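Worksheet: the structure to be examined is printed underneath.
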Amino acid sequence: MKFNQIAKGKHHVVNAEHAPAYKLSKEWELYVTVVTSALSDKFYESASERVEKLRQLIKCVDPQFVARLAIYARQRMNLRSIPLVLTVELAKIHKGDSLLSRLTTKVVQRADEITELLAYYQLANERKEMKKLNRLSKQLQAGLQNAFNNFDEYQFAKYNRDTEIKFRDALFLVHPKAKNDEQQLIFNKIVENKLETPYTWETELSALGQNDFATDDAKKEAFARKWEELIDSEKLGYMALLRNLRNILQAGVSAAHIQRVCDTLSNKKKALQSKQLPFRFLAAYRELSQVDSGYAHKIMSALEDAVTVVAENIQGFDEATKTLIACDVSASMQQPITPKSRVQNYDIGLMLGMLLKSRCQNVVTGIFGDTWKIVNLPSNGVLSNVDAFYKREGEVGYSTNGYLVIKDLKDRKVVMDKIMIFTDCQLWNSNDGKTQLKNVWDKYKTIAPKAKLYLFDLAGYGNVPLDITSNDVHLIAGWSDKIFDILTAIDNGSNALKEIMDDEL
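When the letters of the sequence shown are read in order and numbered with this note's numbering, they come out as residues 853 to 1357.
Below you can see the structure in the form of structure tokens.
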């Protein structure tokens, strides 16, 4: 692939706000679309429109790139649904070799992703007859056969739910060959629906909830002891712990168990192994901010310790590197990433921006909307800094005048080495409509010729306000802290697409 053929002059378009923009190449557009997708409606685009866009883009690019992008999204961006979509859509058009089987084995990393993949296969192929999953792609089948042998009884039982497509259905369809006698026994249990009920926080609390209690106090005491048992068992996974911090506090567990929770959250190895998207920590932090508990502050501090660990992989920002971080707080950024989530693109931008700030030694931070405002905060306290920014967003209005960030530097003749803009890339000028980011950046480069501009695309609409093939402008997309690995790659002359193609398939 020739990655430098991305956005030429002939690719001038207008963005969703009818401002001048550059259309990305199909590979770049697919990349930003994939790593910013939760398959829900966005400010400028519906979920169905995004899926259709994905389908069309997949037809236009090299199957090898699609496969490696799916693996990148699953293994490095820690996304679950979108890699399955890429795999199924690729299966529609790619035949004849083992690419699909190898890809399927790599993207199916949880037992329930076997049935999730099949459910999307049924949906994507519009199967409505009685045998909705017949004529399964042979290569998908081969990949799922391998995937079946990657999970033990506990993993199958944990996700053995009453969904439309069950493990039993998948087993009969895929016909995996057991790798040993023990695995065959598991397959037999799946067929007979005799998987042993797993010890999980859901099953334990559900079973306890079936009991009758003499008083409300007795019930509360029983649930407190159960939460303590779950904490002691270490069967409460890291993500489950994040999601249940409020419940644990409200249950009234002991101080010793609160300390165990804090130790788990701040444990470096466990935090990294959990592969949580950074905004998960922010969501947990906010949940605790209003809980009536004298221990809430301890857990909030542990969450701060955890995100400090997450940020440790960010490199390249010593005292000599002058950095500016600008976060877009416009109306289009204030869109929930899923219908059930309180997290918005706005939050993700602030979270990633503050993670990056925590690793910079010479840094200026701020927010932009109608206006641009510098807001400097302490280096420590990533989550508290995000909340501090969050409370100030109304101070700059709700347009997307990103050009003001660079205009301020130009007017004050301030030379920066790296300028990071976290945005949905739908930048425009709500003031006079004339001055655009490109004009200001070109002028700024005359006084800061070595400056680099990094656009962090958090929405993936397929266009950018600047040509990313020239003048030290770079594009990075996604919601994971792993996007910062691309910064190092850029410093070494690479880019996001090259990094994706370097992943093993």
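By construction, the Cβ of each residue, glycine as well, lies at the ideal position given by its N, Cα and C atoms. Just so we're clear, the structure is a prediction, and the values are computed from it rather than from any experiment.
(request) Starting from the N-terminal side, write out each stretch of the alpha helix (DSSP H) that is 4 residues or longer and does not extend beyond the stretch 992 to 1068. (result) 1005 to 1010, 1019 to 1026, 1033 to 1044 and 1053 to 1061
(request) Label residue 861 either buried or exposed according to how many other C-beta atoms from any shown protein chain fall within 10 Å of its C-beta, with 16 as the threshold for buried. (result) Against the sequence shown, residue 861 aligns to sequence position 9. With a pLDDT of only 44 at residue 861, under 50, the local geometry of the prediction cannot be trusted, and no value is derived from it.
(message) Quick check: the Cα distance between residue 1081 and residue 1011, rounded to an integer number of angstroms?
(response) By one-based count along the sequence shown, residue 1081 stands at place 229. By one-based count along the sequence shown, residue 1011 stands at place 159. If you take the alpha carbons of residue 1081 and residue 1011, they lie about 22 Å apart.
(message) In whole angstroms, give me the CA-to-CA distance for residue 1177 and residue 1197.
(response) What you label residue 1177 is simply residue 325 of the sequence shown in a count that begins at 1. What you label residue 1197 is simply residue 345 of the sequence shown in a count that begins at 1. Rounded to the nearest angstrom, the two C-alpha atoms are 16 Å apart.
(message) Taking 6 Å as the limit between beta carbons, can you name the residues of its chain near residue 1364, skipping five residues before and five after?
(response) Nothing about residue 1364 can be reported from this structure: the residues present for the chain run from 853 to 1357 only.
(message) Give me the DSSP bridge partner(s) of residue 1180.
(response) Counted from its first residue, the sequence shown places residue 1180 at position 328. In DSSP, residue 1180 forms a bridge with 1220.
(message) In the DSSP assignment, the beta strand (DSSP E) including residue 872 goes from what residue to what residue?
(response) If you number the sequence shown from 1, residue 872 lands on position 20. Per DSSP, residue 872 belongs to the beta strand (DSSP E) from 872 to 875.
(request) Use the C-beta contact count for residue 1344: other C-beta atoms within 10 angstroms, 16 or more gives buried, fewer gives exposed. (result) Taking the first residue of the sequence shown as 1, we reach residue 1344 at position 492. Result: exposed.
(message) Nearest by alpha-carbon distance to residue 1205: which of 1032, 1179 and 1282 is it?
(response) For this step, residue 1205 is matched to residue 353 along the sequence shown. Ranking the options by Cα distance to residue 1205, first place goes to 1179.
(message) Just to confirm the assignment, what range does the alpha helix (DSSP H) spanning residue 1199 have?
(response) What you label residue 1199 is simply residue 347 of the sequence shown in a count that begins at 1. Segment 1197 to 1209, the alpha helix (DSSP H) holding residue 1199.
(request) Just grab the DSSP bridge partners of residue 864 for me. (result) Sequence index remark: in the sequence shown, residue 864 carries index 12 (1-based). Note: residue 864 sits in a beta bridge opposite 874.
(message) Checking the sheet assignment: what are the DSSP bridge partners for residue 1188?
(response) Here residue 1188 corresponds to residue number 336 of the sequence shown, with the count starting at 1. Residue 1188 is bridged to 1196.
(request) Identify whether residue 1315 lies in helix, strand or coil by the three-state DSSP scheme. (result) Within the sequence shown, the letter at position 463 stands for residue 1315. In this structure, residue 1315 counts as strand in the three-state DSSP scheme.
(message) In whole angstroms, give me the CA-to-CA distance for residue 1341 and residue 1348.
(response) In the sequence shown, counting from the first residue as 1, residue 1341 sits at position 489. In the sequence shown, counting from the first residue as 1, residue 1348 sits at position 496. Approximately 8 Å between the Cα atoms of the pair.
(message) Among the candidates 953, 1016 and 1015, whose CA atom is the shortest distance from the CA of residue 994?
(response) Sequence index remark: in the sequence shown, residue 994 carries index 142 (1-based). Of 953, 1016 and 1015, the residue nearest in Cα terms is 953.
(message) When you compare the CB positions of residue 1235 and residue 1147, do they come within less than 7 Å of one another, or not?
(response) By 1-based counting over the sequence shown, the position of residue 1235 is 383. By 1-based counting over the sequence shown, the position of residue 1147 is 295. Contact flag unset, no.
(request) Tell me whether residue 1336 sits in a helix, a strand or coil according to DSSP, three-state version. (result) By 1-based counting over the sequence shown, the position of residue 1336 is 484. Note: residue 1336 maps to helix in three-state DSSP.
(message) Helix, strand or coil, according to DSSP, for residue 1152 in the structure here?
(response) Counted from its first residue, the sequence shown places residue 1152 at position 300. In this structure, residue 1152 counts as helix in the three-state DSSP scheme.
(request) Determine the closest residue to residue 875 out of 1223, 1298, 1288 and 864, with distance taken between C-alpha atoms. (result) Locating residue 875 in the sequence shown gives position 23, counting from the first residue. The shortest C-alpha separation from residue 875 is found at 864.
(request) Assign residue 900 to buried or exposed, taking buried as 16 or more other Cβ atoms, counted over all protein chains shown, within 10 Å of its Cβ. (result) Numbered from 1 along the sequence shown, position 48 holds the residue referred to as residue 900. Residue 900 is exposed by the Cβ-count criterion.
(request) Answer yes if the stretch 1209 to 1216 comes into contact with the stretch 1161 to 1174, meaning at least three C-beta pairs across the two stretches below 8 Å, and no otherwise. (result) yes
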